[in-house]
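Novice:
Residue numbers (my numbering): 21 to 477.
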């Protein structure tokens with residue numbers, strides 16, 4: 021039964037007024053407390069081989085609170101730092117039964133998604149390969165390496181350092197992989213013996229990259245290590261989504277895709293909140309390619325800014341970069357429309373425009389004259405565009421696609437070409453057509469105009 025919108029609106033406005041009044045009253049006598057401070061088809065060979073486990077299986081000690089033991093009541097959301105977002109007007113929704121979620125990877129993005137799911141009242145287990153992290157997180161509910169100032173949801177329990185065993189996995193409803201692409205194959209090989217097909221949890225992948233040695237997308241890595249039955253049900257999430265903005269509940273939208281539409285729908289139901297909107301699609305290959313390729317063009321945008329170029333140059337890189345991404349994706353077998361969505365142009369625009377992006381930062385520092393080795397050593401986190409550029413160059417050569425910007429980035433990163441020389445060569449190329457458009461239909465307003473011009477077909 022639907023409720024009238026008027027009482028809901030009045031309640032929200034009164035709540036907001038109450039918070040403002042309380043803040044002003046307290047600020048007269050003392051500094052405001054922390055909680056009130058405003059802060060289509062696969063054209064590449066899949067393969068269905070299953071690799072054997074790398075070495076003996078390691079034991080996994082479950083956390084003191086097992087998956088079958090309910091968590092203690094979570095700390096009230098109101099006790100955590102609030103930001104000027106939709107939070108006060110949009111309480112968390114309960115779209116689906118509460119799930120037990122294992123997040124593999126305690127980095128920047130894995131931690132933020134764990135927090136998002138914890139705030140949605142799911143029981144979350146955050147896995148790290150470092151025992152020090154596990155101990156610190158469970159003691160302080162903070163990540164010592166990323167989002168250091170953020171207090172994480174009380175519904176999260178850190179586990180590790182061993183890969184969870186079969187008994188632990190069978191109690192999970194969802195496994196979310198937030199592991200760098202270059203380390204994914206190794207971890208899937210270790211995890212595969214613990215996955216039971218008739219009790220398989222929903223598998224969600226949020227990494228963005230191409231495996232350097234094989235030029236494989238994540239979907240192909242899953243097929244190689246876990247078999248096609250598991251790969252066809254894998255779900256991918258991508259789109260413009262910086263971790264620090266997700267934990268602050270900034271309005272965010274992402275794309276969710278799987279070859280099995282029901283799996284994408286399940287992921288959407290688990291993640292969707294008033295501040296986190298999900299759109300489903302059926303092109304995981306295009307979604308993966310878009311998420312991986314945009315990191316390379318973010319390096320190009322950073323280089324341009326580092327050289328002192330301004331808005332004209334950045335707009336050209338974003339636009340021509342999108343054209344290259346679409347050409348590569350179409351030749352690979354993806355739908356060109358995918359690159360016009362959140363995972364394509366949305367993520368590309370955000371990553372090329374923000375100094376927060378690690379890939380943009382790499383490019384910017386290269387443009388300022390720093391060496392790649394020094395940048396990587398001091399970056400403190402993974403910039404997947406650096407490794408993706410190497411795999412992408414091989415794909416471009418294999419497909420015979422023209423991609424001048426991506427090729428130029430590869431030459432700067434791996435062949436020692438000077439950034440200035442690369443820019444000069446790109447701009448000195450002969451003029452060419454921008455787009456090869458399909459024949460315009462002869463109907464409607466366009467048809468009448470073409471007839472007037474003597475060009476009607």
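Even for Gly, the Cβ is constructed at its ideal location relative to N, Cα and C.
#1: Considering only C-alpha positions, which residue in the set 126, 438 and 245 is nearest to residue 213?
#2: Could you give the DSSP three-state label for residue 197: helix, strand or coil?
#3: Near residue 416, what residues of its chain come up, given a Cβ to Cβ distance below 6 Å and the 5 sequence neighbours on each side ignored?
#4: From residue 70 to residue 313, what does the alpha carbon distance come to, in whole angstroms?
#5: Do the region 229-249 and the region 316-330 make contact, defined as three or more Cβ pairs closer than 8 Å?
#6: Determine the DSSP secondary structure at residue 55, reduced to helix, strand or coil.
#7: Out of curiosity, what's the CA-to-CA distance linking residue 502 and residue 343?
#8: Can at least three beta-carbon pairs, one atom from the region 223-232 and one from the region 187-204, be found at a separation below 8 Å?
#9: Residues in the same chain with beta-carbon distance under 7 Å from residue 235, minus the five sequence neighbours each way, listed in chain order, please.
#10: Rounding to the nearest angstrom, what Cα-Cα distance links residue 369 and residue 338 in this structure?
#11: Indicate whether residue 128 and residue 166 have their beta-carbon atoms separated by less than 8 Å.
#12: According to DSSP, what are the bridge partners of residue 147?
#13: Comparing alpha-carbon positions, which option in 346, 442 and 298 lies nearest residue 259?
#14: I need the DSSP call for residue 138, collapsed to helix, strand or coil.
#15: Looking at chain B, is there any beta carbon in it that lies within less than 8 Å of the beta carbon of residue 281?
#16: May I ask which residues mark the beginning and end of the alpha helix (DSSP H) holding residue 351?
#17: May I ask which residues mark the beginning and end of the alpha helix (DSSP H) holding residue 434?
#18: Just the Cα atoms here: how many angstroms apart are residue 451 and residue 306?
#19: Across which residues does DSSP place residue 174 in a beta bridge pair?
#20: Which same chain residues, not among the five before or five after residue 267, have their C-beta less than 7 Å away from its C-beta?
#21: Buried or exposed: which applies to residue 151, given that a residue is buried once 16 or more other Cβ atoms fall within 10 Å of its Cβ?
#22: Going by other Cβ atoms of all chains shown within 10 Å of its Cβ, with 16 needed for buried, is residue 54 buried or exposed?
#23: Where does residue 293 fall in DSSP's three states?
#24: Below 7 Å CB to CB, which residues in the same chain sit around residue 392 once its five sequence neighbours on both sides are set aside?
#25: Which residue's Cα is closest to the Cα of residue 141: 335, 179 and 292?
Specialist: Working from what's here:
#1: Selected option, being the one with the closest Cα: 245.
#2: strand
#3: 423
#4: Residue placement at residue 70 cannot be trusted, given a pLDDT of 27 that sits under 50; what the coordinates show is reported in the next sentence. Between residue 70 and residue 313, the C-alpha separation is close to 27 Å.
#5: No contact exists between the region 229-249 and the region 316-330.
#6: Reliability of the predicted coordinates at residue 55 is poor, the pLDDT of 34 falling under 50, and the value obtained from them is presented with this limitation in mind. Three-state result, residue 55: helix.
#7: Missing from the structure shown is residue 502; the chain here goes from 21 to 477 and no further.
#8: Yes, since at least three Cβ pairs between the region 223-232 and the region 187-204 fall closer than 8 Å, the two stretches touch.
#9: For residue 235, where only same-chain residues beyond five positions count, the Cβ hits under 7 Å are 411, 414 and 415.
#10: 7 Å
#11: Using a Cβ distance threshold of 8 Å, residue 128 and residue 166 count as a contacting pair.
#12: 124 and 179
#13: 298
#14: helix
#15: You won't find chain B in this structure, because it holds only one protein chain.
#16: 331-352
#17: 424-434
#18: 29 Å
#19: Looking at the DSSP assignment, residue 174 forms no beta bridge with any residue, so it has no partner.
#20: Within its own chain, the residues whose Cβ lies closer than 7 Å to the Cβ of residue 267, once the five positions on either side in sequence are excluded, are 132, 135, 167 and 170, listed in chain order.
#21: exposed
#22: Annotation note: pLDDT 37 at residue 54 (below 50); position unreliable, no value reported.
#23: strand
#24: Counting only Cβ-Cβ distances below 7 Å, and skipping sequence neighbours, we find 386 and 433.
#25: Cα-wise, what sits closest to residue 141 is 292.
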